[in-house]
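Numbering (the working numbering), first residue to last: 228 to 368.
Ideal placement from N, C-alpha and C gives every residue a C-beta, glycine not left out.
Worksheet: the structure to be examined is printed underneath.
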């Protein structure tokens, strides 16, 4: 265990978050998504729902933009999971937009992501992509 880091974030996920560069994207996908087929790098988060994992990641990863699935792959439509994803992103204290995407725009972006995190989320269309921001200034130490 590490102090101040959620136990939901395993070593492979922490490594991926640290190894990502500015502009790289990481996708968190639901349990129905064909993650093993589409991933360049697959990180399993078996037994972990999407929202707690998303919240834990947002405490560590600087984000400049987020993209999420839409209900029935139709951007104007959203369900409870989409409202919760939006709320988690807004509540992260970071300033970035969350853009809903149709399936034809979302799925190629997931396939191109630096890594895909396969959660055990049961909600349908519960997929989100985070684009890593650059940090500037003195980080201390």
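Cβ neighbours of residue 263 within its own chain (closer than 8 Å, five residues either side excluded): 269, 345. DSSP places residue 262 within a helical segment (H, G or I) once states are collapsed to three.
Linking residue 265 to residue 229 through their CA atoms gives a straight-line distance of about 31 Å. The C-beta of residue 361 has fewer than 16 other C-beta atoms within 10 Å across all chains shown, which makes the residue exposed.
For residue 246, no beta strand (DSSP E) segment is defined; the enclosing uninterrupted segment is the alpha helix (DSSP H) at 238-246. With respect to the C-alpha of residue 337, the residue from 296, 303, 325 having the closest C-alpha is 296. The residue from 324, 298, 299 with its alpha-carbon nearest to that of residue 359 is 324. Residue state for residue 338 is assigned as helix, using DSSP reduced to three classes. A Cβ-Cβ contact shorter than 8 Å links residue 352 with residue 298. If you draw a straight line from the Cα of residue 347 to the Cα of residue 255, it comes to about 10 Å.
A distance below 8 Å separates the beta carbons of residue 356 and residue 293. Close CB contacts of residue 235 within its chain, under the 8 Å cut and outside five residues either way in sequence, are with 272, 275, 279, 280, 283 (chain order).
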